[in-house]
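Quick note: the sequence shown uses the numbering used here, first residue 1231, plus one each step.
One structure below.
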Amino acid sequence: MGRWSGALALVLVVACARAPNPVPSDAVATDAVAPQADAAQGTADSAVADAVVTADTPTPADTPTPADAPTAEDVAPPEDTTAAKLCADDEACGERLDAEGRCPGRCVPQEWGTQCRGEVFRGLCFTGPVPTVGLLIDGQPMAPGAAIELSVPGLLLEVQADAPAEVSVGAAVKLVLRVTNSGGGAQSLPVGFGVGNDWTLGDAGPDTLEIAAGAQAERVVSLVAQRGNGVDPERWHALDVWLGERHVAWVLPVSHGDGEAVSCGGRSFPLPYCPAGECTGPTGGFYVSGVCCDEVFYPGATCCDDSACYGLRCVDGRCLTEAPALGWAQNVPLGQQRVLVLLVDDEATASAAPCTDLAPAWLPELETAEAWFDAASEARVGRDLLDLEWVVLGGLRSADFAGEPEGALDRFASDLDGWLAATGCEHRPGPFLWDAAPAARPFDKVVIQTPTANLLGATATAIGDGVIGTRVVTGLLLAHELAHTFGATDLYLDLGGRLSLRADLMGNNLGGLGPPWDGVLRGEIGYLDLDGSGVVDVAEFEAAPESLALLEPRAVATAKGTIEVSFEVVGLGADGVVGRLAVPRCELTVDGAPPQLLLDSRRRKVAVLPQSGQTSLAVRVRAHYGFAGVLRELDESLTLPVVSP
């Protein structure tokens, strides 16, 4: 097993396939689609400190695209060519403020809180297609009383649905099927039934329907609602009837009882909602929190506005602290970053020389990922922030290097790096975060396409330190995984990811619902001013620091009988300006004891020590930050007084 094998993760096995060649050169970002394979959504991110894994599967690409889906260009403010200025209270500057506190760049509107960006239906917000409720024939709405021709000549079908407008638990409903035989002879029609999980089916009769010539036969099907499912559209399917080769479906939501926890818009919604009996699992068909905002219920959300966030900011239903949001994020989407794509056991590139760069042929697909971030940053920050430089190697065989071909991805990546080094390749991943001796890595991100390494049953995973494993290489899938390495979290881990967050990149919209939106992510990777400094967060980071420095180290005795040692590692630019950094690994040594490893890229690092009456601590902090093949290191020793809180 690899060194990350202790991670707790529940994922779905999915089947995906990629065409053997990249997309044509005229492909653009908004036209990219997910791989052409039906794959269930699902993942689970472990909170294990030293082994956090995100595992992702693409949204099916054949989902209809909403006509009014906004793109980043739709919300981009007009270009501002005026001199430095003061931004309005509801704006933030897309660049660092000048010495007078004025904005030398664009003042970008700041949007907070929770609103429905799609369509409200039955008290829920849909950013994907709104379900059709009622009768359907072969997937299309069926007009009441209409006579439908069956596959047998001369047979006409009429369907009558007998159900109240709002079906509640315990309600009995029925479907009446009438078949008229206008032909010259008797007919025997095969009949089959299927019932939804939240209903029980009464006696549906025999599996054939006998219709005499010139006569009419009738079948009455009874159902009883057993459980409320109004919050879960994927369970609204109540009944399926197959009459010969025609398929009749009855889509009928069951309202939740008035005694449920949240009343919203005249309806009641449960809290929590766990249809499988446990609020766990990778499919997102459950939630443990939910809020009612403007008479719309948002499963999985925790806030309507900042008032529910205890001093934090509410962004699209989530209370956010700072960017990057993921504690193992390696950096933010800023500056020039080098990305190495390694195609292992790939039939399309099997004959390529292993050390030859194949990027030119792949750029139309790969640049889709950068184009998405470019559009989002132009809209949210007012300028293009990220420049990705790609190198692609093919002709790699797991049989040549992998000690555990189907083992953990980190071990697979390390074995591959060692083999490339021994082969003398110019391009190789370089040492990883978990290696004992930090060294300059030539690439900021490493993407390994492999059919063999353990990706926890998912199409793609990001395991920290900028390492991504994937079964396929497509632009928007890469954008999703790169967003994890910049600090964004998955949005489909609860039911909200099927509703209000479904059209977002991190909700697993990889093109099937049109250009992905940037909900929640916009705050998680720094496209908003979460800390209220007047500057969009990402603009306060340093992409390529000249050196590292220790900021505000403190040792505080707490009322819990512990001492908290905290500090921030910052980057100093060429002009001496202090910039924020996402530093995912630091070592803290206190009073000569063995060093503590702090794996957390958030702004302030904190270590908790047992209290033993010290009035001061001898502290040593070691950290490193790599970018585009350059390594900056910090090694500072100092004595900290232990102060009261």
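The beta-carbon is built from N, C-alpha and C at its ideal position, and this holds for glycine as well.
Buried/exposed call for residue i, threshold 16 Cβ in 10 Å
i       : result
Ser1485 : buried
Gln1679 : buried
Ala1559 : buried
Leu1453 : buried
Asp1524 : exposed
Ala1643 : buried
Pro1827 : Strictly speaking, residue 1827 in this sequence is Leu, with Pro absent from that position. With fewer than 16 Cβ atoms within 10 Å of its Cβ, Leu1827 is classed as exposed.
Gln1567 : buried
Ala1638 : buried
Lys1675 : buried
Gln1841 : exposed
Asp1428 : buried
Thr1788 : exposed
Ser1874 : exposed
Pro1512 : buried
Ala1279 : Low confidence applies to Ala1279: its pLDDT is 27, below 50, so where it sits in the model is not reliable, and the reading given next is rough at best. Result: exposed.
Val1860 : exposed
Thr1438 : exposed
Ala1416 : exposed
Spatial distance of residue i from residue j (CA atoms)
i       : j       : result
Thr1682 : Pro1584 : 18 Å
Gln1345 : Ala1395 : 27 Å
Ala1601 : Tyr1528 : 30 Å
Leu1888 : Asp1724 : Because the chain spans 1231 through 1875 in this model, residue 1888 falls outside it and cannot be assessed.
Ala1442 : Gln1370 : 29 Å
Phe1771 : Leu1780 : 15 Å
Gly1520 : Arg1732 : 16 Å
Arg1701 : Ala1690 : 6 Å
Leu1864 : Pro1361 : 56 Å
Asp1536 : Arg1833 : 21 Å
Pro1359 : Thr1510 : 26 Å
Cys1544 : Val1389 : 48 Å
Gln1340 : Tyr1757 : 9 Å
Pro1505 : Phe1516 : 7 Å
Tyr1855 : Ala1774 : 9 Å
Glu1817 : Lys1835 : 10 Å
Phe1423 : Ala1479 : 10 Å
Gly1541 : Ala1531 : 17 Å
Thr1869 : Thr1819 : 11 Å
Leu1564 : Leu1751 : 15 Å
Leu1570 : Cys1655 : 13 Å
Arg1671 : Leu1588 : 20 Å
Leu1419 : Asn1459 : 33 Å
Leu1316 : Cys1539 : 28 Å
Asp1695 : Cys1549 : 25 Å
Gly1514 : Leu1431 : 27 Å
Arg1497 : Cys1522 : 11 Å
Gly1633 : Gly1726 : 41 Å
Val1703 : Leu1623 : 13 Å
Arg1641 : Val1677 : 14 Å
Glu1711 : Trp1620 : 15 Å
Arg1457 : Val1813 : 48 Å
Asp1759 : Glu1782 : 22 Å
Val1518 : Asp1720 : 16 Å
Gly1612 : Glu1321 : 12 Å
Val1350 : Ser1730 : 9 Å
Asp1576 : Glu1608 : 35 Å
Contact belief for residue i with residue j at Cβ below 8 Å, rounded distance in angstroms
i       : j       : result
Val1765 : Cys1337 : That belief does not hold up - the Cβ atoms of Val1765 and Cys1337 are roughly 11 Å apart, past 8 Å.
Ala1468 : Val1399 : Not a contact, Cβ separation roughly 13 Å.
Asp1767 : Ala1553 : 5 Å
Gly1357 : Gly1343 : The sequence as given places Thr at residue 1357; Gly does not occur at that position. Not confirmed; about 16 Å, so no contact.
Leu1482 : Ala1376 : Not really, about 19 Å apart at Cβ, beyond 8 Å.
Leu1707 : Leu1740 : 6 Å
His1714 : Leu1556 : 7 Å
Ser1412 : Leu1386 : 7 Å
Any C-beta of chain B under 8 Å from that of residue i
i       : result
Val1389 : In the displayed structure, chain B is absent; only one protein chain is listed.
Residue i: CB within 7 Å of a non-hydrogen atom of the ligand NAP
i       : result
Val1481 : Absence of the ligand NAP from the depicted structure is noted, as is the absence of any ligand whatsoever, leaving it without description.
Give a yes or no on contact between the region 1396 to 1412 and the region 1442 to 1455, applying the rule of three or more CB pairs nearer than 8 Å. yes
Tell me, please, whether the region 1469 to 1477 touches the region 1632 to 1652 by the rule of three or more beta-carbon pairs shorter than 8 Å. no
Of all the alpha helix (DSSP H) runs that stay within the bounds of the region 1612 to 1641, which reach a length of 4 or more residues? 1628 to 1631
Along the chain, which unbroken stretches of the alpha helix (DSSP H) at least 4 residues long are found entirely within the region 1783 to 1814? List check, alpha helix (DSSP H) in window: nothing returned.
Okay, do the region 1788 to 1807 and the region 1846 to 1854 touch, 3+ Cβ pairs below 8 Å being the bar? yes
At 3 residues or longer, what runs of the beta strand (DSSP E) sit wholly inside the region 1474 to 1548? 1476 to 1481, 1492 to 1494, 1497 to 1499, 1520 to 1523, 1526 to 1529 and 1543 to 1545
Complete runs of the alpha helix (DSSP H) confined to the region 1653 to 1732 [at least 4 residues]: With a minimum length of 4 residues, the continuous alpha helix (DSSP H) runs that stay inside the region 1653 to 1732 are 1705 to 1715.
Note down, one range per segment and in chain order, each beta strand (DSSP E) of at least 3 residues found wholly within the region 1341 to 1388. 1349 to 1351, 1354 to 1356 and 1364 to 1367
Go through the region 1804 to 1865 residue by residue and report every complete run of the beta strand (DSSP E) that reaches 3 residues or more, in order. 1816 to 1820, 1826 to 1828, 1835 to 1840 and 1846 to 1857
Can you check the region 1379 to 1454 for any beta strand (DSSP E) of at least 3 residues that lies completely inside it and give the ranges in chain order? 1385 to 1392, 1402 to 1411, 1417 to 1425, 1429 to 1431 and 1438 to 1441
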